[in-house]
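Heads up: the structure comes next, in structure tokens.
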Amino acid sequence: MGLIPPVAVPAARLPAGGVPGPGLRELLSADARQVAPQLLGAVLTHEGRDGLVSVRITELEAYLGPHDSLHPDPGSHTFRGATARNAPMFGPAGHLYVYFTYGMHHCANIVCGPDGTASAVLLRAGEIVAGEELARRRRPTSKSPKDLASGPARLATALGITTADSGRDALGSPFRLELPAEPALDISSGPRVGVSGAGGTHDYPWRFWLSGDPTVSRYKAAKARPA
DNA sequence: GATTTGATTGACT
DNA sequence: GTCAATCAAATCC
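With my numbering applied, the first sequence corresponds to residues 5 to 231, in that order.
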């Protein structure tokens, strides 16, 4: 049925032992739908003035651009072209695209695809693997360690990422990104969370998560617009 | 210049 | 399950 073929199968497997820096940048320069599953299990670290927090990624979503991909992505911030906000998505792979939403939340993406094309993966959830005490201080409302980064805004808050970090390189200080030594074995995929319109349907099954992981956020459909 | 909306979360019934 | 919070960016007129 779908006009949009479900892509989503990783074309390449990671070599055992992970990928060194330059190879990582190259790996991230692929289509976000290929990159996303490979980033499951990866660890993103941010060392700020107040300390270090590391998150092991357990859930993410791929977003594409209007013209660089085979099919336009109506769920993407770049669907209607480049703006001041989404500019980093058109930049080099490995950099951050951070946006502010609902008047209070920050969400972080890692830019994918070659420089000049719009593509990124939204970091939706993770497990705190270092700096849990600092993460707790940043997220005092969390009732359980599993809640510290279980959601895109929660993850960004736990890592101390804001729009000031948008456009910065996630592969260089004060950030660090490490791929898992072994690719994730049990990956699930499905429609993206909170995306209204066609981009949130099964025609765009570009949400990926580690099957059964307790830190994965609960699925929530986009709020339906009243007629 | 005015209005709408949102890649969400947390509190509450 | 429902809903308010809160404001920048995008969209509308």
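Glycine is no exception: its CB is placed at the ideal position from the N, C-alpha and C atoms.
Taking a contact to require three or more Cβ pairs closer than 8 angstroms, the segment 160-173 and the segment 194-201 do not qualify as touching. Taking a contact to require three or more Cβ pairs closer than 8 angstroms, the segment 148-164 and the segment 72-91 do not qualify as touching. The alpha-carbon separation between residue 180 and residue 58 amounts to approximately 9 angstroms. Non-local beta-carbon contacts of residue 65 in its own chain, meaning distances under 8 angstroms to residues more than five positions away in sequence, involve 40, 125, 126, 128, 196, 197, 210, 211, 212 in chain order. Per DSSP, residue 94 has no beta bridge partner at all.
Following the DSSP letters along the chain, one finds residue 163 inside the alpha helix (DSSP H) bounded by residues 156-163.
A Cβ-Cβ contact shorter than 8 angstroms links residue 167 with residue 102. Shown here, residue 29 sits in a helix according to DSSP, grouped into three states.
Under the DSSP assignment, residue 63 falls outside any alpha helix (DSSP H), being part of the beta strand (DSSP E) whose first and last residues are 55-68. Fully contained in the segment 179-212 are the following beta strand (DSSP E) runs of length 3 or more, in chain order: 179-182, 191-194. With distances taken between CA atoms, residue 96 lies nearest to 122 out of 69, 122, 51. Of the residues 206, 131, 225, 147, the one whose Cα lies closest to the Cα of residue 48 is 131. In this chain, the alpha helix (DSSP H) harbouring residue 139 covers 136-142.
Distance check between residue 60 and each of 223, 157, 214, 224 places 214 closest, using alpha-carbon atoms only. Per DSSP, residue 39 is one residue of the alpha helix (DSSP H) stretching across 36-43.
Residue 104 is bridged by DSSP to 110. In this structure, residue 162 places its C-beta atom within 8 angstroms of the C-beta atom of residue 139.
Contact annotation, residue 55 with residue 178: C-beta distance approximately 11 angstroms; criterion of less than 8 angstroms not satisfied. Residue 79 and residue 112 have their alpha carbons spaced roughly 16 angstroms apart.
Of the residues assessed, residue 221 falls on the buried side of the cut-off, its CB having 16 or more other CB atoms within 10 angstroms. In the three-state scheme derived from DSSP, where H, G and I count as helix and E and B as strand, residue 166 is classed as coil.
The DSSP-derived three-state label of residue 77 is coil. Between the beta-carbon of residue 164 and that of residue 50 there is about 6 angstroms, and that keeps the pair under the 8 angstroms contact cut. Residue 117 is not a Cβ neighbour of residue 193, given a cutoff of 8 angstroms.
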